[in-house]
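Student:
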Amino acid sequence: MDKIKLGIIGIGNMGSVHAVSLIEGNIPELELTAVADIRESRRRWAKEQLPNNVQIFSDGDSLMEDGCCDAVLIAVPHYDHPRFVINAFAHGLHAMCEKPAGVYTLQVRKMNEAAAKTDRVFGMMFNQRTNPVYRKIYEMVHSQKYGALKRVNWIITDWYRTQAYYNSGGWRATWAGEGGGVLINQCPHNLDLLQWICGMPAKVHAFCHIGKWHDIEVEDDVTAYMEFPNGATGVFVTTTGDAPGTNRLEITLEKGKIVCENNVLRFYELDCSEREYCFTTPEGFRPPAGHWTEIVTEGENLQHTGVLRAFAANILRGEPLVANGEEGINGLALSNAMYLSGWLGKTVELPIDENLFLEKLNELRANSKMKEVQEITFNTEGTYGSGGKP
Ligand SMILES: NC(=O)c1ccc[n+]([C@@H]2O[C@H](COP(=O)([O-])OP(=O)(O)OC[C@H]3O[C@@H](n4cnc5c(N)ncnc54)[C@H](O)[C@@H]3O)[C@@H](O)[C@H]2O)c1
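Position in the sequence shown (first residue = 1) + 135 = the numbering used here.
Now the structure itself:
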């Protein structure tokens, strides 16, 4: 077999971008053989835009039952990700899951249990992990060359969205349909990168402001304080309401400081470890010496294409995935912790009480108002990576 037959479940904003990319031949080892969508308007789009040999189904389950695919890409609203991934494995299919892995960790734990029992490939669409600047930061932090983590601050406020965006789908920005706001929709990439690079915090205290900048029932403005097991601290700030927004990630290590702003990576390397210097120098005010360098990274920023190429290469030849599906639970555990902290108004320890989280989420879902809207599928080209790059 030199091509994997792929079906896409959900051809809204994201699924249709994947479909077009596949028919343009950007992922040579994946062949689009089927798509599914419950909306008639999207199936009409598929009939008009996709080649005749791509089968069109009116729901994801019948696509999987048909046997026309070796693998599926799940691009439906988040609550349904675990259900479809579990069903894919039950049909012997490989699965690529759009972010986030799900809405609450209890459901994602079931998905990971199913993944552990199958030999099928399971990948997560964490496309920002293909960005060479984040890969470089990961390598610098994990090399231990610059000592332990002291602090991480990420201001990631360039996820600007308008009211028209929130009005474009009935499920969007509702507890019942989406399960949250900026943390669950825009930030899964950042929260995944944060835990991938720095590890999981031990404690979180977050302030999640509901509908601060938009007419929505979920949060669109968050500030979270984190404490890591080694005592390092961090602050994560995000919103969909700032214009212009900021994307600035600062990581302070014992022997230097990494600053990544708008995809430009700089490093201040200290001549010695600050921890050692602090207790050995006779100086009172002068910080340890060091110098700034701009780090030029190598490699293409392939984003979704890179994730899908690696997915096919993993199925065909066992080459590494960009992100293993089972890792999806980590970033979600972080956002679940931020929500729970906000709801309880206090610091929470990780792992959080997952049953309590679901109980609180279900209370919000019970009072949630799914909107009656005119569904719109936007042209989202170039909007998927905050920081101005696709
Ligand atoms: N990786 C990224 O950069 C990225 C970017 C945008 C969205 N996403 C993710 O993709 C997912 C979809 O987001 P979107 O913006 O495309 O939403 P969307 O509402 O535009 O599209 C979702 C589609 O799924 C269809 N659908 C729902 N239930 C279905 C079912 N049972 N069977 C078949 N089709 C079904 C809907 O009709 C809709 O067309 C979300 O989980 C989102 O987080 C990822």
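Built from N, CA and C at the ideal position, the CB exists for glycine as well.
1) Spatial neighbours of residue 312 within its chain, please: C-beta separation below 7 Å, excluding the five flanking residues on both sides.
2) Determine the direct distance from the alpha carbon of residue 470 to that of residue 444, and round the result to whole angstroms.
3) Excluding sequence positions up to five away, which residues of its chain have a Cβ less than 7 Å from the Cβ of residue 178?
4) So what's residue 354 in DSSP terms, helix, strand or just coil?
5) Can you find the residues in the same chain that come closer than 6 Å, C-beta to C-beta, to residue 448, ignoring five residues on each side of it along the sequence?
6) Can the beta-carbon of residue 143 be found closer than 8 Å to that of residue 228?
7) Where residue 232 and residue 314 are concerned, what is the direct C-alpha to C-alpha distance, given to the nearest angstrom?
8) Could you tell me the boundaries of the alpha helix (DSSP H) in which residue 333 lies?
9) Have a look at residue 530 and residue 310 and give me their C-alpha separation to the nearest angstrom.
10) Given that a residue counts as buried once 16 or more other Cβ atoms are within 10 Å of its Cβ, and exposed if not, what is residue 439?
11) Relative to ligand 1, is the shortest distance from any of its heavy atoms to the C-beta of residue 325 smaller than 7 Å?
12) Should residue 409 be counted as a contact of ligand 1 given a C-beta to heavy atom distance under 7 Å?
13) Give me the residue from 337, 328, 481 and 391 with the minimum Cα distance to residue 268.
14) With a threshold of 7 Å, establish whether the CB of residue 212 neighbours any heavy atom of ligand 1.
15) Going by other Cβ atoms of all chains shown within 10 Å of its Cβ, with 16 needed for buried, is residue 319 buried or exposed?
16) Shorter than 7 Å, the distance from the beta carbon of residue 430 to the closest heavy atom of ligand 1, or not?
17) Check whether the Cβ of residue 458 sits closer than 7 Å to any heavy atom of ligand 3, and report yes or no.
18) Give the secondary structure of residue 427 by DSSP, where H, G and I count as helix, E and B as strand, and everything else as coil.
19) For residue 468, I'd like the list of residues in its chain whose CB is within less than 6 Å of its CB, leaving aside the five on either flank, ordered along the chain.
Tutor: Well, looking at it:
1) 212, 305, 306 and 505
2) 28 Å
3) 172, 191 and 193
4) strand
5) 454
6) Their beta carbons are not under 8 Å apart, which means residue 143 does not touch residue 228 by this criterion.
7) 17 Å
8) 323-333
9) The question about residue 530 has no answer here: the residues shown for the chain are numbered 136 through 525.
10) Flag for residue 439 reads buried.
11) no
12) no
13) 328
14) yes
15) buried
16) It does not: the Cβ of residue 430 is nowhere closer than 7 Å to a heavy atom of ligand 1.
17) Ligands in the displayed structure: ligand 1; ligand 3 is not one of them.
18) strand
19) 240
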